[in-house]
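A.B. asks: Okay, handing you the structure first.
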Amino acid sequence: MIDLGELRHGSDPDPLSRPPRANGRSVRYALALLLVLVTVGAAAVPPPRRTMVTLPARPGADVLVDGDLLLGIEPIDDTRTLRRRLAAYRLPGGAPVWQASLPGEARYWGIVPLAGMLLVTGYEIGPDSQSSVTVALDRATGAYRWQQPGSATPLADGSLLLQSGGEGQPVSVRTVDACCGTVRWQLPAAANVEVQHSGPGAARVVLHQRNGPTEVRDTATGAVLARADLRPPDGGPLTFVQVIDDLLVTVGGEPTTVTGYGLDRLDRRWTSTGVRVEFVADCGPVLCLRTGANELQAIDIATGQLRWRSERWRWGWPFDGRLMVSANEGGAVEHYLVLDALTGRLEADLGQWVLFQLGIGGRLLGVRRHPDSGVIVGELDIRAGKVRILDVLPEAVGDCQAIVDHLLCATPNGPYQLWTLPD
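Each number in my numbering corresponds to the 1-based position in the sequence shown with 20 added.
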C-alpha cells in the first residue's frame, strides 16, 4: 500500500448530528446511500458483498497490512515508557504469528516491506538528543536483521538511502545494501538531499549546500556525475531544490527566481521570476507553484512560462493526463476537483474525501464519515471525473487504511476491522 501522504490532512470531522430515530436501521442506510449516489452522480451500487474480519491490533497502533500479515507497532506494556514492539497477525483470522521488541525507547511511526524484510523507522529518545533510526526485521519470523541511524528511502536498484540529522544539524547520507545494512558509500556531513524517484534510471541523488555548490551523485556508488554552483545571481542562498523526473528545480534569490536545470549536466533550461514560492510540485505537463500570496500557479515544465493561476486551489496531483486539485477551503477533510492541467479549466467536482492509492498507478479510494454513522467508501476515477460509491461500512468510525483489495478501519469498541473491497 502506498499512501498518498499529503492527501491525508488531519482526522475526519466529527459526525453530523444524528437524525431522529426511525424504525428500521437498514431503511435509514438505504435512503442515505441513495442520497449519496444522487449527489455524486455515481452509478447504481450492487448489493453489498463485503466480508469483515475483526483484528486484534490495539487501538491507536500504527498498523499495516502486507500480504497475509497484519502488522502493528504497539506499546510493550502499559507504563509511560516508549518501549515498543512489532506484532504480526495472520490474515484472515488474525492469529498471532510473532512479536519482536524494537530496540531503545523511540517513537516509531512507519513500516515498509522490502525484500523479505520489514523496515521500521522512528526517533530514538535519549537524554541529550533525538535521532532517527531504521530497524530491519525478518518478515517471516520477526528476527532482528540490522539497524542503522537515519530514515530510509528505497532506491531503484533495491538498496536504501539513509539520512540523519537536519533541522540545524549537518545531514549524514549513506547508501546501504537492504539485505544486511552494509554501507556502500557515505558522506558524514553532507548537505540537503533530494532523491530522483522517477524518470530515466531513477538512480541519482542531489546534494546541495544552502550557501555552496550542488552535486548530482550516482545512488549506487556515490560518484559525482555533475557539480555546479546554482545560487542566484545576487549571491543569496537557495531556498530549496527539488527533483522532478529528469529536471532539477531551484528556488531562491530576491526577487524569487525559479530555475529548471537538466539533471544530467545541470545545464540551465529556463528561468522564471515572480512572487515568493512556498513549494514546487509535479503536476504532469506543468509545475505547480504555491506562492506566498495564497495562490497556485502552473508553469510549463518545458519552458517555464506561466500557463494559469488561481487562488481557489491549494495543492495539485497529476493523474492519467489530468490534474486533481484540492480546494483552498480549510477544514479537516479536503475537497477535490479535476482540472485540465494546461489550461486550468474546471472539469469535475469529486467532493470531500480522505484519499488512498492502492499502489503505484493503482485504484484511488476515498473515505468519509457517513452523516448517520459509519464510513462511506468511494472509488475516484480522475480521467472520467466521477466517483463510484463502493459501500457504506456501518461499523467503521474512521482511522482507515486501504491495502490492495481491503480497507482497514477502526471500530467504536476499539479493535480494527478488515473489509474486503468489491471489484
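C-beta atoms are modelled at their ideal positions from N, C-alpha and C, and glycine is treated no differently.
Check this for me: beta carbons of residue 371 and residue 394, under 9 Å apart or not?
C.D. replies: Within the sequence shown, the letter at position 351 stands for residue 371. Within the sequence shown, the letter at position 374 stands for residue 394. No; because the gap between Cβ atoms is not below 9 Å, this pair is not in contact.
A.B. asks: Between residue 341 and chain C, is any beta-carbon pair separated by less than 9 Å?
C.D. replies: Among the chains in the structure shown there is no chain C, since it carries only a single protein chain.
A.B. asks: Once DSSP output is grouped into helix, strand and coil, what is the label at residue 53?
C.D. replies: For the purposes of this step, residue 53 is identified with residue 33 of the sequence shown, where counting begins at 1. Low per-residue confidence applies at residue 53: pLDDT is 32, beneath 50, and the placement is therefore not dependable enough to give any value.
A.B. asks: Per the DSSP calculation, residue 262 is bridged to which residue(s)?
C.D. replies: Within the sequence shown, numbered from 1, the residue matching residue 262 stands at position 242. 269.
A.B. asks: Let me know if residue 244 comes out buried or exposed under the rule of 16 or more other beta-carbons within 10 Å of its beta-carbon.
C.D. replies: Within the sequence shown, numbered from 1, the residue matching residue 244 stands at position 224. Residue 244 is exposed by the Cβ-count criterion.
A.B. asks: Leaving out the 5 sequence neighbours to the left and right, which residues in its chain are closer than 7 Å to residue 94 when beta-carbon positions are compared?
C.D. replies: Taking the sequence shown and counting its residues from 1, the one referred to as residue 94 is at position 74. Same-chain partners within the cutoff: 78, 81, 104, 105 and 107.
A.B. asks: Residue 76 and residue 109: beta carbons closer than 9 Å?
C.D. replies: Along the sequence shown, one-based indexing puts residue 76 at 56. Along the sequence shown, one-based indexing puts residue 109 at 89. Yes, the pair counts as a contact, with Cβ atoms nearer than the cut-off.
A.B. asks: So, helix, strand or coil for residue 367, using DSSP?
C.D. replies: Numbered from its first residue, the sequence shown carries residue 367 at position 347. Note: residue 367 maps to strand in three-state DSSP.
A.B. asks: Quick one: complete beta strand (DSSP E) runs, 3+ long, within the stretch 134-209?
C.D. replies: Segments of the beta strand (DSSP E) lying fully in the stretch 134-209: 137-145, 150-158, 164-169, 171-174, 180-186 and 189-196.
A.B. asks: Helix, strand or coil: how does DSSP classify residue 437 here?
C.D. replies: To locate residue 437, count along the sequence shown from 1; it is residue 417. It is a strand residue.
A.B. asks: Verify whether the separation of the beta carbon atoms of residue 117 and residue 162 is less than 9 Å.
C.D. replies: Reading the sequence shown from its first residue, position 97 is the one you call residue 117. Reading the sequence shown from its first residue, position 142 is the one you call residue 162. Yes; because the gap between Cβ atoms is below 9 Å, this pair is in contact.
A.B. asks: Does the Cβ of residue 376 have 16 or more other Cβ atoms within 10 Å, making it buried, or fewer, making it exposed?
C.D. replies: Taking the first residue of the sequence shown as 1, we reach residue 376 at position 356. With 16 or more Cβ atoms within 10 Å of its Cβ, residue 376 is classed as buried.
A.B. asks: Report buried or exposed for residue 252, applying the criterion of at least 16 other Cβ atoms within 10 angstroms of its Cβ.
C.D. replies: Working through the sequence shown from its first residue, we reach residue 252 at position 232. Residue 252 is buried by the Cβ-count criterion.
A.B. asks: In the DSSP output, which residue or residues are listed as bridge partners for residue 292?
C.D. replies: Against the sequence shown, residue 292 aligns to sequence position 272. The partner list for residue 292 (beta bridge, DSSP) reads 278.
A.B. asks: Quick check on this structure: which residue in 137, 159, 138 and 170 has the alpha carbon closest to the alpha carbon of residue 153?
C.D. replies: Here residue 153 refers to the residue found at position 133 of the sequence shown. The shortest Cα separation from residue 153 among 137, 159, 138 and 170 belongs to 170.
A.B. asks: Considering only C-alpha positions, which residue in the set 212, 239 and 421 is nearest to residue 232?
C.D. replies: Position 212 of the sequence shown holds residue 232. Comparing Cα-Cα distances from residue 232 to each of 212, 239 and 421, the minimum goes to 212.
A.B. asks: Looking at the structure shown, is residue 228 part of a helix, part of a strand, or coil, going by DSSP?
C.D. replies: In the sequence shown, the residue the question calls residue 228 occupies position 208. Note: residue 228 maps to strand in three-state DSSP.
A.B. asks: Would DSSP call residue 48 helix, strand or coil?
C.D. replies: Position 28 of the sequence shown, counting from 1, holds the residue named residue 48. Here residue 48 scores only 35 on pLDDT, less than 50, and its place in the model should not be relied on; the value that follows carries that caveat. Three-state DSSP puts residue 48 in a helix.
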